[in-house]
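Structure first, commentary second.
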Amino acid sequence: EAAVTQSPRSKVAVTGGKVTLSCHQTNNHDYMYWYRQDTGHGLRLIHYSYVADSTEKGDIPDGYKASRPSQENFSLILELASLSQTAVYFCASSAGLANTGQLYFGEGSKLTVL
Amino acid sequence: GDSVTQTEGPVTVSESESLIINCTYSATSIAYPNLFWYVRYPGEGLQLLLKVITAGQKGSSRGFEATYNKETTSFHLQKASVQESDSAVYYCALGDSNNRIFFGDGTQLVVKP
Chain C
5 EAAVTQSPRS
15 KVAVTGGKVT
25 LSCHQTNNHD
35 YMYWYRQDTG
45 HGLRLIHYSY
55 VADSTEKGDI
65 PDGYKASRPS
75 QENFSLILEL
85 ASLSQTAVYF
95 CASSAGLANT
105 GQLYFGEGSK
115 LTVL
Chain R
68 GDSVTQTEGP
78 VTVSESESLI
88 INCTYSATSI
98 AYPNLFWYVR
108 YPGEGLQLLL
118 KVITAGQKGS
128 SRGFEATYNK
138 ETTSFHLQKA
148 SVQESDSAVY
158 YCALGDSNNR
168 IFFGDGTQLV
178 VKP
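Just so you know, the sequences run in chain order C and R.
Counting in the numbering used here, the first sequence runs from 5 upward without gaps.
Counting in the numbering used here, the second sequence runs from 68 upward without gaps.
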C-alpha cells in the first residue's frame, strides 16, 4: 500500500487561477518535500518541512506556498498559476539524514496551466 | 549552493557490457554530505538504488556500485555487466546539513539486447 499519496494525479488549470496539490504520508516521517520536474530535467526543491505548522523554502520557492497542518499532510499552493508552472510535481517524505535520509516518493501530480 | 552534476544522457550500451555514469557534487553547507543514487524504471516511481553516508565507503545494490570519493568529490555509478532490465533513468543526489536533497538532471540508460 502506497505510503505517500498525492492528489490530484493530474490537473488542468487556467492562468491566474489557484491550484492546490495535496500530499499525505503514512510513514510517520518528520520531513516532507515538494519537488517539480520539467521534461528532461531533474527534480528541483520548492518547499520542505520538518515539523507540522512550519515550512522552509527550497531552491525555487517563488510563486509557491506550502502548508503543513499535520505530520501526515503537506500541501503545495499556487495562488496565481502561470504557464511556466506547468510541470510534474512530486511529494516525498523522509525520516531525515540522521536516519540515512532516504526519500519515499509519491507518484506525482501532472499540472498543465493553460 | 549545493549541487550535483551527472553524465548527460541518453547513454546506450549493449547487454553484458560495463557501465559508468559519472556524478560529481559541490557541497558548501556540509563537508561530507550523504550521497544517493535513485532510479526510475519505466512506468514506476522514483526509488532509492543505493546510498553512502560515509566518505570513502562504497555502496552497492542490484549489481551496481558507487564509491564516495571526497578527494575528487565524485560518486560515479558502475556496473560490470548490464542487463536489458537496467534500462531506466538514474539520478545522483546529495543531502545537505538541513536535510534538503538535491538531484542531478538524471541520466537515461538504454540497454540494447
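For each residue, glycine too, the CB sits at the ideal point set by N, CA and C.
query                                                                                                                        : result
Near the ligand ADP: T121/R beta-carbon under 8 Å from a heavy atom                                                          : Of ligands this structure carries none, so the ligand ADP is not represented either.
Residue from P100/R, I87/R, Q73/R with nearest C-alpha to Y193/R                                                             : Because chain R here runs from 68 to 180, residue 193/R falls outside it and cannot be looked at.
Residues bridged to E60/C [DSSP beta-bridge criterion]                                                                       : Y52/C
Nearest neighbour of Y92/R, chosen from K146/R, A147/R, D69/R [CA to CA]                                                     : D69/R
Pairwise C-alpha distance: S97/C and Q29/C                                                                                   : 7 Å
Contact list for Y99/R against chain C, beta-carbon separation under 9 Å                                                     : Within 9 Å Cβ-Cβ: nothing; Y99/R doesn't reach chain C, min ~11 Å.
DSSP beta-bridge partners of G126/R                                                                                          : A133/R
Within-9 Å CB hit, H45/C to chain R                                                                                          : yes
Contact between the stretch 82-91 of chain R and the stretch 64-84 of chain C (3+ Cβ pairs under 8 Å)                        : no
Distance CB(Q106/C)-CB(L115/R) smaller than 9 Å                                                                              : yes
Terminal residues of the beta strand (DSSP E) in which T79/R lies                                                            : 78-81
Stretch-stretch touch, CB-based, cutoff 8 Å, three pairs: the stretch 146-160 of chain R with the stretch 101-111 of chain R : yes
Secondary structure, beta strand (DSSP E): runs of 3+ residues fully inside the stretch 133-161 of chain R                   : 144-146
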